[in-house]
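Below is one structure; the comments refer to it alone.
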């Protein structure tokens with residue numbers, strides 16, 4: 002009996018010792034990230050038959066288990082991926098918002114100061130000091146556009162660097178997971194009945210770290226090895242086999258880097274935007290938010306350059322010459338060609354460009370273009386709508402679009418499935434420079450103007466539009482012999498007749514141009530009428546009623562060039578308030594403010610999403626910790642309980658020894 006009692010005491014002692022060891026292990030790892038509380042599961046040893054009864058034979062530790070709840074753990078893992086995504090997006094958008102807010106003030110201020118100088122020239126067109134100030138402010142404006150573009154370039158490059166770092170981290174975690182899987186399988190091969198709890202914790206912690214960068218799903222097989230999938234189900238780890246994630250140059254834009262999954266059998270592309278976690282946020286931030294901010298900036302730079310260059314071209318400088326471009330021509334060959342990115346997989350030889358035809362219609366999104374063997378099919382990446390581009394009737398390789406630009410094939414031929422990316426605003430801010438270096442070259446003076454006869458009584462108007470060659474326009478109207486007269490009258494209800502003639506050859510001599518138009522419409526007349534490209538156009542509009550055929554309303558067009566003439570400078574100054582962008586609904590400053598406000602709104606929304614994601618993750622983490630985490634109060638109580646059990650088991654052994662000694666003494 003004493004021997005059985007001794008064995009019972011020893012079993013209790015050993016079990017209490019293991020309980021104390023497990024409790025101590027829990028307490029020691031209370032601050033270990035990812036540690037799951039362990040518990041020694043104790044069972045009774047089967048009793049021994051004795052005199053018709055079964056007498057207990059003690060206890061043993063059946064297993065040391067992890068208090069692991071897969072549902073709360075996977076909820077925590079899902080929320081960690083969401084938090085990684087939201088946190089990354091919020092941080093990045095706040096940085097972009099700071100840059101855009103600062104640049105909004107800088108560029109907006111530069112625009113205002115340039116137009117203040119333009120207004121000064123309108124008041125005093127011959128003042129060389131004011132002209133120098135205008136050119137200096139133009140330089141500052143161009144530099145501000147260049148600087149913001151440089152900042153966005155840096156954001157793109159730094160984001161690419163972060164994406165690559167995350168890809169490397171994912172790859173390292175993949176390798177570590179495969180090694181842990183191998184260690185777990187090795188333990189299984191040793192014919193151990195218990196689970197390698199700390200290895201399982203290590204593996205779950207690695208999966209949790211992976212969840213920060215990408216969404217994760219796991220499957221454990223019967224042997225205990227885990228398969229890890231990322232994103233939409235791409236296998237990253239299969240048992241002891243680890244795959245890696247790497248970055249490759251984008252096509253056709255090398256800076257728009259792509260992700261790929263690598264194995265010994267080759268590589269497959271990963272859709273980074275669908276991976277979830279922080280890496281998907283980085284890709285979305287780069288490809289959508291930074292790209293959109295850059296396109297808005299480019300469109301504004303393009304619009305400012307085009308508007309001021311066009312106004313310049315309609316006037317005359319101090320030397321009586323047609324105004325030259327102030328800024329880089331938005332349709333220079335270099336800019337046109339930079340707007341088309343050809344895929345490296347193309348087998349054809351096409352070299353193409355994009356020419357801007359109507360700045361008010363140009364969108365900020367990009368387009369994809371594919372040649373199907375007979376036609377170019379253009380897809381709007383904003384909404385997926387497709388358009389078949391039709392070549393201009395002239396058959397010159399020019400394909401107009403409905404978006405304010407035309408696709409031009411400069412050379413070569415396309416093969417089936419050749420593809421291109423079209424970015425209508427590309428590089429406008431980066432390549433915006435002041436090309437006018439002589440203050441005398443500012444075209445403050447108009448070449449010609451229209452004066453209405455004092456006897457006119459209606460609201461009819463005659464305007465000079467589209468002055469393409471002010472020197473020729475001036476020559477055509479210069480002096481009394483070339484002064485033009487436009488007369489108009491209502492010949493019948495709702496029908497108006499007009500004539501344009503030379504003051505030196507009035508009717509009944511043949512008119513330079515004549516015709517009619519209906520009420521509510523207008524007449525646009527080329528001057529001179531015969532060249533393919535006129536020097537200017539006359540627009541007759543309104544309701545110029547007249548007093549009958551013999552008392553027409555008259556308008557005189559004459560040369561007004563002079564150093565004191567500032568009418569074109571006034572036109573230039575007025576373009577600040579012209580609604581040119583956004584389909585003719587926004588001024589320059591309004592477009593700039595809208596672009597900045599959009600980024601600010603996105604940053605605010607992202608911050609709210611990040612706060613919500615943090616709250617959800619905290620809740621999920623706390624739920625998981627309540628089931629799997631170490632509670633020091635509980636462990637302290639267990640420590641005392643198992644200590645008492647150890648002491649009691651020691652007492653059993655002591656009693657068994659005493660009984661055994663008594664038996665020995667009785668036999669002497």
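In my numbering, the protein residues as written are 2 to 669.
In this text, a Cβ means the ideal position worked out from N, Cα and C, and glycines have one as well.
Check: Candidates 55, 74 and 65: closest to residue 27 by CA position; Outcome: 65
Check: Assigned secondary structure, residue 622 (DSSP; H/G/I helix, E/B strand, else coil); Outcome: helix
Check: Runs of alpha helix (DSSP H) lying entirely within the region 463-487, each at least 4 residues, in chain order; Outcome: 471-478
Check: Residues bridged to residue 556 (per DSSP); Outcome: 453 and 487
Check: Residue range of the beta strand (DSSP E) that includes residue 260; Outcome: 259-264
Check: Any beta strand (DSSP E) of 3 or more consecutive residues that is wholly inside the region 201-250; Outcome: 217-221, 227-231, 235-239 and 245-249
Check: Own chain, CB closer than 8 Å to residue 440, minus 5 neighbours either side, in chain order; Outcome: 129, 132, 133, 135 and 136
Check: The region 31-44 contacting the region 66-80, beta-carbon criterion three pairs below 8 Å; Outcome: yes
Check: Short Cβ contact (9 Å threshold) for residue 280 with residue 260; Outcome: yes
Check: Sub-9 Å separation of residue 308 and residue 576 beta-carbons; Outcome: yes
Check: Candidates 555, 212 and 402, of which the one nearest residue 455 by Cα; Outcome: 555
Check: Residues that DSSP places opposite residue 269 in a beta bridge; Outcome: 262
Check: For residue 100, three-class secondary structure by DSSP; Outcome: helix
Check: Opening and closing residue of the beta strand (DSSP E) in which residue 43 lies; Outcome: 39-45
Check: Nearest-angstrom Cα separation, counted from residue 659 out to residue 666; Outcome: 10 Å
Check: Limits of the unbroken alpha helix (DSSP H) element including residue 523; Outcome: Looking at the DSSP string, residue 523 is not in any alpha helix (DSSP H), and its letter there is neither H nor E.
Check: Host beta strand (DSSP E) of residue 343 (start-end); Outcome: 341-343
Check: Proximity below 9 Å, CB of residue 200 to CB of residue 229; Outcome: no
Check: Minimum C-alpha distance to residue 30 - residue among 116, 203 and 75; Outcome: 203
Check: Cβ separation of residue 89 and residue 282, assumed to be a contact under 8 Å, to the nearest whole Å; Outcome: 4 Å
Check: Beta carbon of residue 175 nearer than 9 Å to that of residue 78; Outcome: no
Check: Distance between residue 489 and residue 415 (C-alpha atoms, nearest Å); Outcome: 53 Å
Check: Inter-stretch contact (C-beta, 8 Å, three-pair minimum) for the region 400-415 and the region 352-367; Outcome: yes
Check: C-alpha distance - residue 475 paired with residue 562, whole-angstrom precision; Outcome: 8 Å
Check: Coarse secondary structure for residue 64, derived from DSSP in three states; Outcome: strand
Check: Beta-carbon proximity of residue 107 to residue 156, cut-off 9 Å; Outcome: no
Check: Nearest candidate by alpha-carbon position, reference residue 233, set 273, 181 and 531; Outcome: 273
Check: Other residues of its chain near residue 310: CB distance less than 8 Å, five sequence neighbours each side excluded; Outcome: 326, 327, 328, 330 and 331
Check: Contact between the region 533-544 and the region 454-472 (3+ Cβ pairs under 8 Å); Outcome: yes
Check: Boundaries of the alpha helix (DSSP H) in which residue 305 is found, first to last residue; Outcome: 292-314
Check: Residue 586 burial status per 10 Å Cβ neighbour count (16 or more: buried); Outcome: exposed
Check: The region 89-104 contacting the region 153-167, beta-carbon criterion three pairs below 8 Å; Outcome: yes
Check: The region 495-510 in contact with the region 434-452 per 3-pair CB rule at 8 Å; Outcome: no
Check: One or two residues paired with residue 369 in a DSSP bridge; Outcome: 380 and 422
Check: Helix, strand or coil at residue 516 according to DSSP, with G and I counted as helix; Outcome: strand
Check: Inter-residue spacing [alpha-carbon to alpha-carbon] between residue 670 and residue 400; Outcome: One cannot answer for residue 670 here, as it falls past the ends of the chain, which runs 2 to 669.
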